[in-house]
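Asker: Dumping the structure here so I can ask a few things about it.
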Amino acid sequence: MLHVDNLIVGAGFTGLCVAHRLQQQGQSYLIVDENQDGGLCSTTAIEGFFFDTTGHVIHHNTALYEDFVRKIMGANLLCLKRKAKFFFQQQLQPYPFQAYFYMLPNYEVVNECIQGLEQVVKCKTRKEPRNFEKWLIANFGKGISKNFLIPYNEKMWRFPLKKISIEWVEKYIPKPDSEQILRIAKGTTFEEKEYGYNQSFFYPKVGGINAFLEAIKQKMGEKFRSSFIKSSLSLVDTNRRKAILSNGTKILWNRLISTIPLPAFLDRLAKIPDAIKLCARSLKFTSLVSLNLGIRREMSTDAHWIYFPEKSIPFHRIVIQSNLSKFVAPDSSQSLIVERSLQHGAHFDRKQEINCIISHLLKNGIIKRKSDILVARANYIRYAYPIYDTVFNKRKYCLLKFLRNLDVYSIGRFGSWEYLSMEDCFIQAMDTAMNLKNMA
Ligand SMILES: Cc1cc2nc3c(=O)[nH]c(=O)nc-3n(C[C@H](O)[C@H](O)[C@H](O)COP(=O)(O)OP(=O)(O)OC[C@H]3O[C@@H](n4cnc5c(N)ncnc54)[C@H](O)[C@@H]3O)c2cc1C
7 MLHVDNLIVG AGFTGLCVAH RLQQQGQSYL IVDENQDGGL CSTTAIEGFF FDTTGHVIHH
67 NTALYEDFVR KIMGANLLCL KRKAKFFFQQ QLQPYPFQAY FYMLPNYEVV NECIQGLEQV
127 VKCKTRKEPR NFEKWLIANF GKGISKNFLI PYNEKMWRFP LKKISIEWVE KYIPKPDSEQ
187 ILRIAKGTTF EEKEYGYNQS FFYPKVGGIN AFLEAIKQKM GEKFRSSFIK SSLSLVDTNR
247 RKAILSNGTK ILWNRLISTI PLPAFLDRLA KIPDAIKLCA RSLKFTSLVS LNLGIRREMS
307 TDAHWIYFPE KSIPFHRIVI QSNLSKFVAP DSSQSLIVER SLQHGAHFDR KQEINCIISH
367 LLKNGIIKRK SDILVARANY IRYAYPIYDT VFNKRKYCLL KFLRNLDVYS IGRFGSWEYL
427 SMEDCFIQAM DTAMNLKNMA
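In the numbering used here, the protein residues as written are 7 to 446.
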């Protein structure tokens, strides 16, 4: 039987950040993970490519995080200025749609967008809308919503937008000044401006996104290696503060920090009230298929990623990973990550997904010839986007409170069930480690 002060479950980005901070604070920990690949931030090396499991870049909005990234990564860091596009009616346009729709060659669409914006400007004092779809229409107008925002978000969330709340949107959806866009669209002024929350970001020069996590482990050195167990959490008895791993290891803990998805953790509790079980089952989420493609160099765009709003195309985003760093693909090759959401529980057939995505890439001229594909690899990510449906907040806080009373901290993207970036996870990890220090 092992005894630890702090047991961390999950060695994805959040788990690693907590471990790193606890180590800096001189506190002991044990960290377990059923894999050793970095969770959502994993990278796989195949035939000279470094494929990230999904498109990941390092957004930084706070000095604390920027400083952390720079210290951890040293010279293996690129600072990039966002180059994003959207694909609409067979053409690439600068992103975001809501700011650049006036450049579209289709006048009908442009007029629809202008009329919608005029309506928005007229009704500025309206009450705050109650759901995501209404929020989009109220802020961007019917034209922009109909042509881009609604179909794109329906593809990404695979959930009725009328049932999604709006508490997360301000941070993630660029909201340009509608009066200014109207002036630009009508040709009375021109201003080249960057919009949104991720205008510049970092990316590892070598090794893909997982190089960041590997560098954190590197900094922790031998202490991390001797504190890590590769095994799955099977059972937790919160009365005895005991955890059992799938390899049979038994661990007594004082505090448990879980970064695995909330429902998965609750499923492992020896005793759980029925009401909590029901609450956990009601949490909604979207799954994701991401296709890594290694191709012979042929795409002419320098975009880092491209959004696809049209319903006739099954995926919603392509990240051109080799435009983030040329070192993730062999010379004269490129690598793409094609992302397609699936409703949670929807059937996933690897071969079918690969064929379907590739056929649409060819049909839309994104890749020219099938014979240019060097590697194709489909990943299935069960937990990709936590859905903020209109009832989730109350339920989530009820679950987190239940666990906190048992000295369990459930944090991270699916531990806290929030649409968190890596930076948000880092901040949660810092706060949690600080709480643990104060209690030690
Ligand atoms: C499509 C997509 C794109 C994204 N893009 C960006 C981006 O560009 N920039 C950004 O900052 N953020 C991005 N994010 C968010 C980012 O990936 C997450 O915020 C972050 O990686 C979450 O880390 P985590 O440790 O909380 O969770 P995870 O990475 O999910 O880690 C959880 C860990 O728990 C382990 N585990 C699960 N069950 C068990 C068990 N029973 N026993 C032991 N271990 C277990 C898993 O193996 C995993 O390693 C993106 C997310 C998605 C889905």
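Yeah, the Cβ is synthetic: ideal placement off N, Cα and C, and Gly gets one too. It should be emphasised that the depicted structure is a prediction, and the values quoted were computed from it without experimental measurement.
My guess is that Ser293 and Val344 are in contact by the Cβ rule of under 8 Å, so how many angstroms apart are they, rounded?
Answerer: At roughly 15 Å, the Cβ-Cβ gap does not stay under 8 Å, so Ser293 and Val344 are not in contact.
Asker: Excluding the five sequence neighbours on either side, which residues of its own chain have a C-beta within less than 6 Å of the C-beta of Val127, listed in chain order?
Answerer: For Val127, where only same-chain residues beyond five positions count, the Cβ hits under 6 Å are Ser184, Glu185.
Asker: Measure the C-alpha to C-alpha separation of Lys332 and Phe208 and round it to an integer number of angstroms.
Answerer: About 14 Å.
Asker: Any heavy atom of ligand 1 inside 7 Å of the beta-carbon of Val38?
Answerer: Yes; taking the cut-off as 7 Å, the Cβ of Val38 has a heavy atom of ligand 1 nearer than that.
Asker: Return the first residue and the last residue of the beta strand (DSSP E) that Phe447 is part of.
Answerer: With the chain covering 7 to 446 only, the question about residue 447 has no answer from this structure.
Asker: Enumerate in chain order the residues of its own chain whose CB-to-CB distance from Arg247 is below 8 Å, with the five nearest sequence positions on each side excluded.
Answerer: Once the five neighbours on either side are set aside, the close Cβ partners of Arg247 are Leu258, Trp259, Asn260, Leu262, Asp413.
Asker: Assign Phe420 to one of three DSSP states: helix, strand, or coil.
Answerer: Correct three-state label for Phe420: coil.
Asker: Which stretch, first to last residue, makes up the beta strand (DSSP E) that contains Ser293?
Answerer: 291–302 is the extent of the beta strand (DSSP E) around Ser293.
Asker: How about Gln421: is its Cβ closer than 7 Å to a heavy atom in ligand 1?
Answerer: Just to set this straight, residue 421 is Gly in the shown sequence, not Gln. Yes, since a heavy atom of ligand 1 falls inside the 7 Å radius drawn around the Cβ of Gly421.
Asker: Answer yes or no: the CB of Phe19 versus the heavy atoms of ligand 1, is any distance below 7 Å?
Answerer: Yes.
Asker: Looking at Cys47: is its Cβ nearer than 8 Å to the Cβ of Phe19?
Answerer: Going by C-beta atoms, Cys47 is nearer than 8 Å to Phe19.
Asker: If we ignore side chains and look at the alpha-carbon of each, how far apart do Ile417 and Arg189 end up?
Answerer: Roughly 45 Å separates the two Cα atoms.
Asker: Going by alpha carbons, who is nearest to Leu405 out of Val15, Leu284, Gln30?
Answerer: That would be Leu284, whose Cα lies nearest to the Cα of Leu405.
Asker: Express the C-alpha separation of Gln42 and Asp280 in angstroms, rounding to a whole number.
Answerer: Between Asp280 and Gln42, the C-alpha separation is close to 33 Å.
Asker: Helix, strand or coil: how does DSSP classify Ile266 here?
Answerer: Coil.
Asker: What number of angstroms, rounded off, separates the C-alpha of Tyr106 from the C-alpha of Ile143?
Answerer: Rounded to whole angstroms, Tyr106 to Ile143 spans 17 Å at the Cα level.
Asker: Within 10 Å of its beta-carbon, does Asp337 have 16 or more other beta-carbons around it, so buried, or fewer, so exposed?
Answerer: Exposed, by the Cβ-count rule.
Asker: Report, in whole angstroms, the separation of the C-beta atoms of Tyr35 and Ser240, which I expect to be a contact under 8 Å.
Answerer: About 20 Å; that fails the 8 Å criterion.
Asker: In terms of DSSP beta bridges, what is Leu84 paired with?
Answerer: DSSP lists Tyr209 as partners of Leu84.
Asker: Can you list the beta strand (DSSP E) stretches of 3 or more residues lying completely in the segment 374–399, in chain order?
Answerer: Taking only runs of at least 3 residues, the beta strand (DSSP E) segments lying wholly in the segment 374–399 are 379–392.
Asker: Identify, in the order they occur along the chain, each residue of the same chain with its Cβ nearer than 6 Å to the Cβ of Cys499, setting aside the five sequence neighbours on each side.
Answerer: Nothing can be reported for residue 499: it is not among the residues displayed for the chain, which extend from 7 to 446.
Asker: List the whole-angstrom C-beta distance separating Ala309 from Lys161, where the pair is believed to meet the contact cut-off of C-beta under 8 Å.
Answerer: Rounded, the Cβ-Cβ distance is 19 Å, inconsistent with contact.
Asker: Please report the residue range of the alpha helix (DSSP H) in which His366 lies.
Answerer: His366 -> alpha helix (DSSP H) spans 356–369.
Asker: Could I get the ranges of all uninterrupted beta strand (DSSP E) runs contained in the segment 58–131, with 3 residues as the minimum, in chain order?
Answerer: Runs found: 83–87, 90–94, 97–100.
Asker: By how many angstroms is the C-alpha of Ile172 removed from the C-alpha of Gln29?
Answerer: Cα-Cα distance, rounded: 38 Å.
Asker: Do you know offhand how far Asn159's Cα is from Gly213's?
Answerer: Those two C-alpha atoms are separated by around 31 Å.
Asker: For the pair the segment 298–306 and the segment 364–379, tell me if three or more CB-CB distances fall below 8 Å.
Answerer: The answer is yes - the segment 364–379 touches the segment 298–306, with three or more Cβ pairs under 8 Å.
Asker: Identify which residue in Phe321, Ile179, Gln327, Tyr108 has its Cα closest to the Cα of Ile215.
Answerer: Considering only alpha carbons, the answer is Gln327.
Asker: Quick check: the Cα distance between Leu70 and Val63, rounded to an integer number of angstroms?
Answerer: The alpha-carbon atoms of Leu70 and Val63 are separated by roughly 17 Å.
Asker: Among Ala25, Val381, Glu359, Ile312, which one has its Cα closest to the Cα of Ser341?
Answerer: Ranking Ala25, Val381, Glu359, Ile312 by Cα distance to Ser341 puts Val381 first.
Asker: Gln42 lies in the beta strand (DSSP E); which residues open and close that run?
Answerer: Premise fails: Gln42 is in no beta strand (DSSP E) and is neither H nor E.
Asker: Between which two residues does the alpha helix (DSSP H) holding Gln340 run?
Answerer: Per DSSP, Gln340 belongs to no alpha helix (DSSP H); it is in the beta strand (DSSP E), 339–349.
Asker: List the DSSP bridge partners of Phe55.
Answerer: Ile52, per the DSSP bridge assignment.
Asker: Mapping the DSSP letters down to three states, classify Asp430 as helix, strand or coil.
Answerer: Correct three-state label for Asp430: helix.
Asker: When you measure from the CB of Ala390 to every non-hydrogen atom of ligand 1, does any distance come out below 7 Å?
Answerer: Yes, ligand 1 has a heavy atom inside 7 Å of this Cβ.
Asker: Note down the Cα distance separating Phe94 from Trp311, rounded to an integer number of angstroms.
Answerer: Those two C-alpha atoms are separated by around 14 Å.
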